[in-house]
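Going by the numbering used here, the letters in the sequence shown line up with residues 1 to 379, in that order.
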Amino acid sequence: MLRGIFQKVRNFDAYSKPLEDFRVRTLSGGAVTVVSAVLMALLFVSELRSYLSTEIVEELFVDTTVGDEHLKINFDVLFPALDCEFISVDVMDIAGQLQSNVTDSVWKEVVGELPTTVNPSKVSEPGSTVTEPSSTNPCGSCYGAESHAGMCCNTCEDVKRAYLKKGWVIGELDQIVQCRNEHWVRKLRSHRGVGCRVHGWLNVSKVAGNFHIAPGSTVRDAHSHVHSLHSVGPQSFNTSHTVRHFSFGTPYPGKQYPLDGQSTITESGGLMVHYFVKIVPTIYEDSVKNRILTHQFSVTKHQRTIEAADMAGLPGFFVSYEFSPLMVQLSHRDTPFAHFLAEVCALIGGIFTVASLLDSCLYKLSNILARKLSMEKQN
């Protein structure tokens, strides 16, 4: 019974085999076989590498996340020629939120050594002034910027605030008595050659804003945010810098950020470097479906030199950022094993079929040539 079943199955054999005595082995057939085997091996390895690697698929859609979410700005910037005492880190947005001279999540590390002539106990904080009372006039002049009768400006900061409220621009600060003995001038001269590494993070609202690291102390009123350079010209501040790291949100594996490693070096001072950043909210999904909400961004750089105190602008590192209304989702997509198996079978079968056709053509061509040569010899 089994023999009958086997016989019936044998009748379905679509791959009938000739007897070994009727097989003909040729040189061209051997060459085609070797080349085919090499091609099969190379293409199989390529297909295997493609199967083992992970494809990242990008999808684009409208960002529907809530606008009151917060975003973390991560930064690490090195200023090789600007001392930490002169640096202020500020961020503001179009909603009116302002964070001035942030210190709780920002760290400043001195790069280089302070001169031995500097007495730390006598170095005041940025923004502090040395007030020298006048024996002849205990009430200092505000130089026409008094907001009321009897107003006194006994320090350089008082004069600047008075001018700011009036909307006036101060010209030569050396002409103002209160600013002549400003402590910042002496401190700036004694701290030359000292740099600063500023790093940390800031939480900001998910609206357009401006983040900057700049010299000077912050002067605020109800309508403006300015930096006081304390009678020191902008050319005295060398804002050359190297961006060690700058990113928004949580980093994800394999991401490279466009500002990392970027350097702007100048021998002169007063350089204002402005980076205009377009932020794209991004969802990163790994192979096990874990999601990370992060942000990618593109950058356009602009720089100019602030030559005088009455020019618009301030030397420093500025980042103006805004958000894209679109969101990108990056997903890992693994190739199914069935797909890999089908690709390998198609690969081997295709090469085998083409090689068989090529071998058959070469064999027939060689037979035709052999007959012609035989006929010529007979003639």
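Where a beta carbon is used, it is the ideal one built from N, C-alpha and C, also for glycine.
S366: member of the alpha helix (DSSP H) spanning 337-378, first to last residue.
The beta carbon of H274 lies closer than 6 Å to those of H302, F318 in the same chain, with the five residues before and after it left out. In the structure shown, P215 falls within a strand segment according to DSSP collapsed to helix, strand and coil. Between the alpha carbons of V226 and T218 lies a distance of about 6 Å. Judged by DSSP in its simplified three-state form, T33 adopts helix. The DSSP-derived three-state label of K165 is helix.
Under the three-state reduction of DSSP output, D158 falls in the helix class. DSSP, reduced to helix, strand and coil, places I5 within a helical segment of the structure shown. Exclusion of the five residues before and after W107 leaves H199, G200 as the residues of its chain whose Cβ lies within less than 7 Å of its Cβ. For F79, the uninterrupted beta strand (DSSP E) run begins and ends at 70-79, by DSSP. In the DSSP annotation of this structure, the continuous segment of the beta strand (DSSP E) that includes T300 starts and ends at 291-305. The region 273-290 makes contact with the region 329-337; the number of CB pairs closer than 8 Å reaches 3 or more. The Cβ atoms of S228 and K160 lie closer than 7 Å to each other. The closest CA to that of E109, considering only M92, D76, Q97, is found on D76. Residue state for Q97 is assigned as coil, using DSSP reduced to three classes. In this structure, the straight-line span from the alpha carbon of F297 to that of P281 is close to 8 Å.
In this structure F61 is exposed. Its beta-carbon is surrounded by fewer than 16 other beta-carbon atoms within 10 angstroms. A distance below 8 Å between beta-carbons, with the five flanking residues on each side excluded, links D93 to the following residues of its chain, in chain order: V204, S205, V207, A208, G209, N210. Look at the beta carbons and you see the region 261-278 touching the region 234-242: at least three pairs across the two are nearer than 8 Å. For a cut-off of 8 Å, the C-beta gap from N74 to H245 is around 7 Å, short enough to register as a contact.
Comparing C-alpha distances from F237 to each of K72, T305, Y363 shows the shortest one belongs to T305. For the options P336, I292, Y363, the alpha carbon positioned closest to that of Y51 is the one of P336.
Annotation for V91: I73, L98, Q99, V102, L202, V204, G209, N210, F211, H212 place their beta carbon closer than 8 Å to its own, counting only its chain and skipping 5 residues before and after.
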